[in-house]
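A.B. asks: Input: one structure, supplied below.
Numbering (the working numbering), first residue to last: 1 to 328.
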């Protein structure tokens, strides 16, 4: 397989282009002059169907792939539907990665999640922490699926000479997020809850958990910029990303984050301010906190020449505006 960086005009398949990450990646690619993008809605291309997936790759012949398609959700969804999360994500990534190999794709970027790391990993969490301890139980099924995807990239690189790289973003938020009442991630869930409280003039908002866990948050457009940065690295830098220590058995893995974190309590107060809610905030310890802290070590990404640009206050303001604008 060749190690050619994408050029304007190359056919790039963005799997999951309508989601939070995928839609941001499409915007980032087009902003950089990549206009020959392949996108398909789930109704038109079911990546859980092996034959359909391989037929698509055979017909369309993408030169590069960004695999952002996944079944995702917050703590409640992961804890309630673990079979769905492990089955769907294993199937999507297995079909897509194998079809990419069969059709001779040059570069593939597999997007995962920071939940792949052990629950009590040393902070900040480096890529070397992978497989060094037990996972957070509430999202273990999803995490194991993503770990399998990383190993699949590594194994195909070793056995077939492919150029498949895995990028693990921290917690993401931004335009196009999912604002489901129960199954969304923390920031969209808080935006929805505080906005409803502001409109109804409620005196109090209850936030799940103790408020003490610390989380890192990255704006989706920053994540997309990082993904395109990785995909378009020159051959030498891309090879270093694939094998950071020069060993082909290294996981081809790069963390993407902002290098800073906040408590859930401080996050709730920041969301309340962004929405304009002035009532009380109460934390309910009857609900699970999840991992106590999850801050990524982004040294490897920084060495590849990338830094985030959107701070939390700015990002939250944009996310609130997106939520208020509604679908579309």
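By construction, the Cβ of each residue, glycine as well, lies at the ideal position given by its N, Cα and C atoms.
What does DSSP give as the partner residue(s) for residue 263 in the beta ladder?
C.D. replies: The residue given as residue 263 occupies position 263 in the chain shown. According to DSSP, residue 263 bridges with 214.
A.B. asks: Roughly how many whole angstroms lie between the Cα atoms of residue 100 and residue 65?
C.D. replies: In the chain shown, residue 100 corresponds to position 100, counting from 1. In the chain shown, residue 65 corresponds to position 65, counting from 1. When rounded, the distance between both Cα atoms is 8 Å.
A.B. asks: Going by DSSP in three states, residue 280 sits in which element: helix, strand or coil?
C.D. replies: Here residue 280 is taken as the residue at index 280 of the chain shown, counted from 1. In the structure shown, residue 280 sits in a strand (DSSP, three-state: E or B).
A.B. asks: In whole angstroms, give me the CA-to-CA distance for residue 131 and residue 179.
C.D. replies: Along the chain shown, read from residue 1 onward, the residue named residue 131 stands at position 131. Along the chain shown, read from residue 1 onward, the residue named residue 179 stands at position 179. The straight-line gap from Cα to Cα measures roughly 32 Å.
A.B. asks: With a 10 Å radius around its C-beta and 16 neighbouring C-beta atoms as the bar for buried, classify residue 93 as buried or exposed.
C.D. replies: In the chain shown, the residue the question calls residue 93 occupies position 93. Flag for residue 93 reads buried.
A.B. asks: Are residue 45 and residue 14 touching if we call contact CB-CB under 7 Å?
C.D. replies: The sequence position of residue 45 within the chain shown is 45, counting from 1. The sequence position of residue 14 within the chain shown is 14, counting from 1. Their beta carbons are not under 7 Å apart, which means residue 45 does not touch residue 14 by this criterion.
A.B. asks: Please check if any C-beta of chain B sits within less than 7 Å of the C-beta of residue 202.
C.D. replies: The chain inventory of the structure shown lacks chain B, comprising one protein chain alone.
A.B. asks: Is there contact here, the region 238–248 with the region 185–196, by at least three beta-carbon pairs under 8 Å?
C.D. replies: With the cut-off at 8 Å, the region 238–248 and the region 185–196 do not touch.
A.B. asks: In the region 184–261, which residue ranges form an unbroken beta strand (DSSP E) of at least 3 residues, counting only runs that do not cross its ends?
C.D. replies: The qualifying runs are 204–208, 217–219, 253–256.
A.B. asks: What are the partner residues of residue 125, as DSSP defines its beta bridges?
C.D. replies: By 1-based counting over the chain shown, the position of residue 125 is 125. Its beta-bridge partners are 296.
A.B. asks: Leaving out five residues on either side along the sequence, give the residues of the same chain with a beta carbon under 8 Å from the beta carbon of residue 282.
C.D. replies: For the purposes of this step, residue 282 is identified with residue 282 of the chain shown, where counting begins at 1. For residue 282, where only same-chain residues beyond five positions count, the Cβ hits under 8 Å are 204, 205, 206, 207.
A.B. asks: Give the straight-line distance between the Cα atoms of residue 238 and residue 76, rounded to the nearest whole angstrom.
C.D. replies: As a working note, residue 238 is residue 238 in the chain shown. As a working note, residue 76 is residue 76 in the chain shown. Cα to Cα, the separation comes out at about 37 Å.
A.B. asks: Please name the residue, chosen from 16, 8, 39, 117, that lies closest to residue 150 on a Cα-to-Cα basis.
C.D. replies: Residue 150 sits at position 150 when you count from the first residue of the chain shown. Out of 16, 8, 39, 117, 117 has the C-alpha closest to the C-alpha of residue 150.
A.B. asks: With a Cβ-Cβ cutoff of 7 Å, do residue 97 and residue 152 count as a contact?
C.D. replies: For this step, residue 97 is matched to residue 97 along the chain shown. For this step, residue 152 is matched to residue 152 along the chain shown. Yes, the pair counts as a contact, with Cβ atoms nearer than the cut-off.
A.B. asks: Whole angstroms is fine: what's the gap from residue 296's alpha carbon to residue 123's?
C.D. replies: Counted from its first residue, the chain shown places residue 296 at position 296. Counted from its first residue, the chain shown places residue 123 at position 123. Going by the C-alpha atoms only, they are around 7 Å apart.
A.B. asks: Classify residue 212: buried if its beta carbon has 16 or more other beta carbons within 10 angstroms, exposed otherwise.
C.D. replies: Sequence index remark: in the chain shown, residue 212 carries index 212 (1-based). That one is exposed.
A.B. asks: If the criterion is Cβ atoms closer than 7 Å, does the pair residue 217 and residue 171 meet it?
C.D. replies: Looking up residue 217 in the chain shown gives position 217. Looking up residue 171 in the chain shown gives position 171. Yes. Within cutoff.
A.B. asks: For residue 215, tell me which candidate among 34, 231, 290, 234 has the shortest Cα-Cα distance.
C.D. replies: Position 215 of the chain shown, counting from 1, holds the residue named residue 215. Comparing Cα positions, the closest option is 290.
A.B. asks: Just the Cα atoms here: how many angstroms apart are residue 166 and residue 144?
C.D. replies: In the chain shown, the residue the question calls residue 166 occupies position 166. In the chain shown, the residue the question calls residue 144 occupies position 144. Rounded to whole angstroms, residue 166 to residue 144 spans 14 Å at the Cα level.
A.B. asks: Using a threshold of 7 Å, state whether the C-beta atoms of residue 30 and residue 62 are closer than that.
C.D. replies: Counted from its first residue, the chain shown places residue 30 at position 30. Counted from its first residue, the chain shown places residue 62 at position 62. Not closer than 7 Å, so no.
A.B. asks: Determine the direct distance from the alpha carbon of residue 22 to that of residue 54, and round the result to whole angstroms.
C.D. replies: Along the chain shown, one-based indexing puts residue 54 at 54. Along the chain shown, one-based indexing puts residue 22 at 22. Computed Cα separation, rounded: 21 Å.
A.B. asks: Quick check: what's the CA-CA separation for residue 155 versus residue 302?
C.D. replies: Numbered from its first residue, the chain shown carries residue 155 at position 155. Numbered from its first residue, the chain shown carries residue 302 at position 302. Going from the Cα of residue 155 to the Cα of residue 302 covers about 26 Å.
A.B. asks: Put residue 82 into one of helix, strand or coil per three-state DSSP.
C.D. replies: Position 82 of the chain shown, counted from the start, is the residue given in the question as residue 82. Residue 82 falls in the helix class under three-state DSSP.
A.B. asks: Pull up the distance between the alpha-carbon of residue 319 and that of residue 20, whole angstroms please.
C.D. replies: The residue given as residue 319 occupies position 319 in the chain shown. The residue given as residue 20 occupies position 20 in the chain shown. If I take the Cα positions, the gap works out to 11 Å.
A.B. asks: I'd like to confirm something about residue 143: is its beta-carbon nearer than 6 Å to some heavy atom of the ligand ADP, or not?
C.D. replies: This structure lacks the ligand ADP, and indeed carries no ligand of any kind.
A.B. asks: On a Cα-Cα basis, can you pick out the residue from 258, 128, 56, 125 that is closest to residue 221?
C.D. replies: Within the chain shown, residue 221 is the residue found at index 221, counting from 1. Looking at the Cα atoms, 258 is the closest of the given residues.
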